[in-house]
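Chains V and B are the protein sequences, given in the same order. UniProt numbering puts the first residue of the first sequence at 1, with every later residue one more than the last. UniProt numbering puts the first residue of the second sequence at 1, with every later residue one more than the last. Heads up: the structure comes next, in structure tokens.
Number of protein chains: 2
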Amino acid sequence: MRAVSIGAVAKATGVKVPTIRYYEDVGLLPVADRTDSNRRTYDAATISRLRFIRHARDLGFAVEAIRQLLDLSDQPDRSCQEVDSIARLHLADIDEKIARLTALRAEVKRMVDDGEHGRVAECRVIEVLGDHTACLHEAH
Amino acid sequence: MRAVSIGAVAKATGVKVPTIRYYEDVGLLPVADRTDSNRRTYDAATISRLRFIRHARDLGFAVEAIRQLLDLSDQPDRSCQEVDSIARLHLADIDEKIARLTALRAEVKRMVDDGEHGRVAECRVIEVLGDHTACLHEAH
DNA sequence: CTAAATGCTCAAGCGACTAGAGGATCAAGT
DNA sequence: ACTTGATCCTCTAGTCGCTTGAGCATTTAG
């Protein structure tokens with residue numbers, strides 16, 4: 001299972017073929033090895049990396065943040081302070097995202113539950129994300 | 001505190017002035033009332049709505065998904081099945097996002113903790129989001 | 001009553017893809 | 001061996017969701 005094609009990687013990860021090439025262009029993926037006929041080939045590590053990128057993007061992380069997280073992973077022996085400050089920053093961001101998603105989840109769930117017993121009484125989706133969590137996020 | 005300017009709304013929500021106008025253009029915000037001199041004015045409801053949009057975008061929801069969630073909120077007396085199916089869809093998505101964020105959080109946390117006792121031993125950020133949760137997400 | 005701040009519109013730019021044209025190469029069946 | 005369809009390549013252009021800037025009007029603070 002060594003050195004698979006870009007199409008196989010696309011199937012394995014759910015990332016479209018042109019997007020994989022794009023990630024290579026912008027340096028999120030290493031420049032791929034090529035066959036004699038100039039086709040890209042990939043190994044398991046790149047597939048994992050790609051899956052990570054996909055999920056992280058899906059979760060709303062900017063490409064730059066992903067680049068930093070990947071760098072942490074690429075150079076596990078970097079200085080403590082550096083890793084620590086970058087990681088802590090993302091940790092705070094992740095915690096905030098989880099808090100907001102949990103609040104949103106509760107509200108959408110309530111709407112679903114209400115829906116089963118007739119009609120939706122009130123929808124507070126806006127309030128739950130809009131105001132409730134505003135205090136977590138003063139200066140951005 | 002009735003009818004504030006676009007700049008005040010921008011300050012209150014952290015959404016930039018041109019972005020607010022953009023949201024009006026694409027229909028996420030209602031067309032704003034204007035003063036005699038053609039300036040937009042906003043009320044509290046729009047500010048909440050805007051905060052919701054901002055947080056939801058931040059969490060990686062597509063504009064179309066946000067539009068649907070806002071519609072649920074706008075028309076709380078729609079048919080049960082409709083609300084239910086839309087909400088359930090988003091609920092599943094939200095649950096997945098929470099699961100992935102929680103996994104990522106644990107790994108980044110571990111890196112921070114390791115960092116305090118010397119150097120970062122291993123970084124498994126990629127594995128944690130890349131493979132661990134792949135099974136939750138076969139067909140997208 | 002000015003001068004800085006804020007607002008308006010419109011047009012262009014940017015980040016992160018996405019789609020399409022045009023052409024080479026591979027893999028499978030006959 | 002040959003063809004035909006899938007997959008690959010590069011390159012250009014388009015889309016989405018903003019962001020920036022030009023040029024001009026209005027408001028507000030000193």
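Ideal Cβ placement from N, Cα and C applies to all residues, glycine included. Note that the coordinates shown come from a computational prediction; the quantities given were computed from them, not determined experimentally.
For the region 86 to 99 of chain B, which residues have a beta carbon sitting closer than 8 Å to at least one beta carbon of chain V? 87, 88, 90, 91, 94, 95, 97 and 98
Would you say residue 40 of chain V faces chain B, with C-beta separation under 9 Å as the test? The residue given as residue 40 of chain V occupies position 40 in the first sequence. Judged by the 9 Å Cβ criterion, residue 40 of chain V is not in contact with chain B.
Pull out every residue of the region 56 to 69 of chain V whose Cβ sits closer than 7 Å to any Cβ of chain B, in chain order. 56, 58, 59, 60 and 69
With 16 as the cutoff for other CB atoms within 10 Å, does residue 142 of chain B come out buried or exposed? This structure does not reach residue 142 of chain B, given that chain B is present from 1 up to 140, and the question cannot be answered.
Which complete alpha helix (DSSP H) runs does the region 6 to 83 of chain B hold, if anything under 4 residues is left out? 6 to 13, 17 to 25, 44 to 58 and 63 to 74
CA-to-CA distance, residue 63 of chain V to residue 48 of chain B, given in whole angstroms: Translated into positions along the second sequence, residue 48 of chain B becomes position 48. Translated into positions along the first sequence, residue 63 of chain V becomes position 63. Going by the C-alpha atoms only, they are around 28 Å apart.
In whole angstroms, give me the CA-to-CA distance for residue 56 of chain V and residue 38 of chain B. Here residue 56 of chain V refers to the residue found at position 56 of the first sequence. Here residue 38 of chain B refers to the residue found at position 38 of the second sequence. Answer to the nearest angstrom: the Cα atoms are 42 Å apart.
Report, in whole angstroms, the separation of the C-beta atoms of residue 91 of chain B and residue 105 of chain V, which I expect to be a contact under 8 Å. As a working mapping, residue 91 of chain B is identified with position 91 in the second sequence. As a working mapping, residue 105 of chain V is identified with position 105 in the first sequence. Going by Cβ atoms, the distance from residue 91 of chain B to residue 105 of chain V rounds to 7 Å, so yes, they are a contact pair.
Within 10 angstroms of its Cβ, does residue 97 of chain V collect 16 or more other Cβ (buried), or is it exposed? Translated into positions along the first sequence, residue 97 of chain V becomes position 97. When all chains shown are included, residue 97 of chain V counts as buried.
Indicate whether at least one CB of chain B lies closer than 9 Å to the CB of residue 102 of chain V. Sequence index remark: in the first sequence, residue 102 of chain V carries index 102 (1-based). Closer than 9 Å: yes.
Determine the direct distance from the alpha carbon of residue 4 of chain V to that of residue 19 of chain B, and round the result to whole angstroms. The residue labelled residue 19 of chain B in the question sits at position 19 within the second sequence. The residue labelled residue 4 of chain V in the question sits at position 4 within the first sequence. Spanning the two alpha carbons is a distance of roughly 43 Å.
Under 7 Å by beta carbon: chain V residues contacting residue 109 of chain B: Taking the first residue of the second sequence as position 1, residue 109 of chain B is located at position 109. Here the neighbours are 91.
Check the Cβ-Cβ distances between residue 105 of chain B and every residue of chain V, and say whether any is below 9 Å. Indexing the second sequence from 1 puts residue 105 of chain B at position 105. For residue 105 of chain B, the answer is yes, since a Cβ of chain V falls inside 9 Å of its Cβ.
Here's the rule: buried if 16 or more other CB atoms are within 10 angstroms of the residue's CB, otherwise exposed. What is residue 34 of chain V? Indexing the first sequence from 1 puts residue 34 of chain V at position 34. Exposed: under 16 other Cβ atoms inside 10 Å.
Which value, in whole angstroms, describes the spacing of the CA atoms of residue 14 of chain V and residue 89 of chain B? Locating residue 14 of chain V in the first sequence gives position 14, counting from the first residue. Locating residue 89 of chain B in the second sequence gives position 89, counting from the first residue. Residue 14 of chain V and residue 89 of chain B: Cα-Cα distance of roughly 19 Å.
Quick one: Cα of residue 59 of chain B to Cα of residue 53 of chain V, how far? As a working note, residue 59 of chain B is residue 59 in the second sequence. As a working note, residue 53 of chain V is residue 53 in the first sequence. If I take the Cα positions, the gap works out to 16 Å.
Classify residue 9 of chain B as buried or exposed, calling it buried when 16 or more other Cβ atoms lie within 10 Å of its own Cβ. Working through the second sequence from its first residue, we reach residue 9 of chain B at position 9. Residue 9 of chain B is buried by the Cβ-count criterion.
Go through its chain and collect everything with a Cβ distance to residue 50 of chain V's Cβ below 6 Å, but skip five positions before and after it. Sequence index remark: in the first sequence, residue 50 of chain V carries index 50 (1-based). So the qualifying residues of the chain are 13 and 15.
Would you say residue 43 of chain B and residue 2 of chain B are within 9 Å of each other, going by their C-beta atoms? As a position in the second sequence, residue 43 of chain B is number 43, starting the count at 1. As a position in the second sequence, residue 2 of chain B is number 2, starting the count at 1. Yes, Cβ-Cβ distance for residue 43 of chain B and residue 2 of chain B is below 9 Å.
If residue 29 of chain V and residue 67 of chain V are in contact, beta carbons under 8 Å, what's the gap, nearest whole angstrom? Against the first sequence, residue 29 of chain V aligns to sequence position 29. Against the first sequence, residue 67 of chain V aligns to sequence position 67. About 11 Å separates the two Cβ atoms, so there is no contact after all.
Find the nearest neighbour of residue 65 of chain B within the set B:94, B:102, B:99 and B:109, judged by alpha-carbon distance. Sequence index remark: in the second sequence, residue 65 of chain B carries index 65 (1-based). Selected option, being the one with the closest Cα: B:94.
Using CA atoms only, rank isn't needed, just tell me which of B:61, B:45, B:11 and B:99 is closest to residue 74 of chain B. Along the second sequence, one-based indexing puts residue 74 of chain B at 74. The shortest Cα separation from residue 74 of chain B among B:61, B:45, B:11 and B:99 belongs to B:45.
Residue of V:109, V:11, V:103 and V:7 minimising C-alpha distance to residue 41 of chain V: The residue given as residue 41 of chain V occupies position 41 in the first sequence. Taking only the C-alpha atoms, the option nearest residue 41 of chain V is V:7.
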